[in-house]
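Undergrad:
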Amino acid sequence: MSDAAAKTVTATLRKRIIAAQYQAGTPLREVALAKEFEFSRVPIREALRILTAEGFVETRANVGSRVAHPPFDDARELFDLRITLETSLVHDAAANFAEFSAPGAAHVERSRRLCTEIEEALAQGDQAFANRDGAGIAEANLRVHQGLADLAMRPVLSNILQQIGGRVEWLHSAHHGFTLTRDTSAWDQHKRIYELVRAGEAKKAQTLMGEHLKASRDSFLASLAKLADEDR
C-alpha cells in the first residue's frame, strides 16, 4: 500500500510541477500533503525524495521541501540526452514490435495496452489542437513520447527518459506557458512514428524521431536566446 501511495503522490506532484500549477519556491509540506491525499506522511516523504532526485523538488534538512526552479541552464543537455535515449528506445520498439506483439509472447499484453494508451493520447492531442488547448497538447505530447519509449520494453532507460522528458516539458511550460507553440505538422509526426514502429521500420522510426526532437530542441533554444537578447 505504501509503495502504491508513494507512486500516486509522486505522479500527481510531478504532473502539477510540469504543468506549472506550482511556482518555483512553493513549499511542499508533508503534513498538508498527507491531509490532501489522505495518506500517512511515509508515502509523502518518499514521493518528495523521488522528486528531489529527479530535480523537480529541492529539499533541505531542517527547512523542508519546495518546488525547484526550472532547469533552464541545463536545457541543451536535457534535450540532447532526450534525443540520445529516445531515438534508441524507439528504434528498439520498432525492431522488436512484431516479437513483443505476437500471440503468446511474454510482452504481448503490455504491448497491446501501450498501443491503446498511445492511440488514446494521439486522439487527446487531436482534440486539444481542435480546442486550442495548450495544456492538453502538452499532456498528450508527453504521453505519446513516453508510450513509444515504453514499447521498447527497456524499463531502466524508460524510467530515465520519464525524468528527462518531464523536465523538458517543464521547461516548455515554464517558458511558453501553454500558448500553442507546437504546430499540427509536428504533432502529426507522432502518428507517423507510431506507424513506423508498428510496421517494424526501426531505422526510419529512429531517424524521424531524431528529426522531430532536434527541431523541438533548436526551436526552444532559439526562443531562449531571443528572450535573453531582449532582456539585455
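Numbering (the working numbering), first residue to last: 1 to 232. Backbone N, C-alpha and C fix where the C-beta goes; we use that ideal spot for every residue, glycine too. Just so it is clear, the structure is predicted and the values come from calculations on it, not from any experiment.
Distance, Cα to Cα, Gln162 vs Leu81?
TA: When rounded, the distance between both Cα atoms is 12 Å.
Undergrad: Determine, using beta carbons only, whether Val168 and Leu51 come nearer to each other than 9 Å.
TA: Result no, Cβ atoms of Val168 and Leu51 do not sit closer than 9 Å.
Undergrad: Which whole-angstrom value describes the C-beta separation of Leu227 and Ala75, a residue pair presumed to lie in contact below a C-beta threshold of 8 Å?
TA: Contact doesn't hold; Cβ gap of about 12 Å is too wide.
Undergrad: Please report the straight-line C-alpha distance between Thr12 and Val67, rounded to a whole angstrom.
TA: Whole-angstrom Cα-Cα distance: 14 Å.
Undergrad: Does any heavy atom of the ligand FAD sit closer than 8 Å to the C-beta of Ala215?
TA: Looking at this structure, you won't find the ligand FAD or any other ligand, since it has none at all.
Undergrad: Use the C-beta contact count for Asp92: other C-beta atoms within 10 angstroms, 16 or more gives buried, fewer gives exposed.
TA: Buried, because 16 or more other Cβ atoms sit within 10 Å of the Cβ of Asp92.
Undergrad: Return helix, strand or coil for Thr59, following the three-state DSSP convention.
TA: If DSSP states are grouped into helix, strand and coil, Thr59 belongs with the strands.
Undergrad: Got a sec? Which residues, its chain only, sit under 8 Å from Leu85 by beta carbon, not counting five neighbours each side?
TA: The answer, listed in chain order, is Ala149, Leu157, Ile160, Leu161, Ile164.
Undergrad: Less than 9 Å between the beta carbons of Leu122 and His69, yes or no?
TA: Contact: no.
Undergrad: With distances taken between CB atoms, is the gap from Ala6 to Trp170 smaller than 9 Å?
TA: Going by C-beta atoms, Ala6 is not nearer than 9 Å to Trp170.
Undergrad: What span of residues does the beta strand (DSSP E) with Ser185 cover, start to end?
TA: Note, Ser185: premise wrong, no beta strand (DSSP E); alpha helix (DSSP H) at 184 to 198.
Undergrad: Which value, in whole angstroms, describes the spacing of the CA atoms of Lys214 and Arg45?
TA: Looking at the two C-alpha atoms, the distance is approximately 37 Å.
Undergrad: Any idea what DSSP makes of Gly134, helix, strand or coil?
TA: Three-state DSSP puts Gly134 in a helix.
Undergrad: Output needed for Ala128: all residues of its chain with C-beta closer than 7 Å, excluding positions within five of it in sequence on either side, in chain order.
TA: Closer than 7 Å at Cβ, skipping near neighbours: Gly136, Ile137, Ala140.
Undergrad: Compute the Euclidean distance between the alpha carbons of Ser185 and His212, then round it to the nearest angstrom.
TA: Near 10 Å, if we compare the C-alpha coordinates of His212 and Ser185.
Undergrad: Below 8 Å on the Cβ atoms is my guess for Gly166 versus Glu117; work out the distance and round it to an integer in Å.
TA: The Cβ separation is near 17 Å, so there is no contact.
Undergrad: From Ser83 to Gly210, what distance separates their C-alpha atoms?
TA: Residue 83 is actually Ile in this sequence, not Ser. Rounded to whole angstroms, Ile83 to Gly210 spans 6 Å at the Cα level.
Undergrad: Based on Cα-Cα distance, which residue from Gly125, Phe97, Asn131 lies nearest to Cys115?
TA: Residue Phe97 is the option with its Cα nearest to Cys115.
Undergrad: Considering only C-alpha positions, which residue in the set Asp133, Asp3, Pro71 is nearest to Glu54?
TA: Ranking Asp133, Asp3, Pro71 by Cα distance to Glu54 puts Pro71 first.
Undergrad: Give a yes or no on whether the C-beta atoms belonging to Leu142 and His175 are separated by under 9 Å.
TA: No, Cβ-Cβ distance for Leu142 and His175 is not below 9 Å.
Undergrad: Under three-state DSSP, which class holds Leu122?
TA: Reduced to three states, the DSSP call for Leu122 is helix.
Undergrad: Tell me the residue span of the beta strand (DSSP E) that contains Arg66.
TA: Element bounds for Arg66: 64 to 67.
Undergrad: Is the Cβ-Cβ distance between Val63 and Leu28 less than 9 Å?
TA: Cβ atoms of Val63 and Leu28: not closer than 9 Å.
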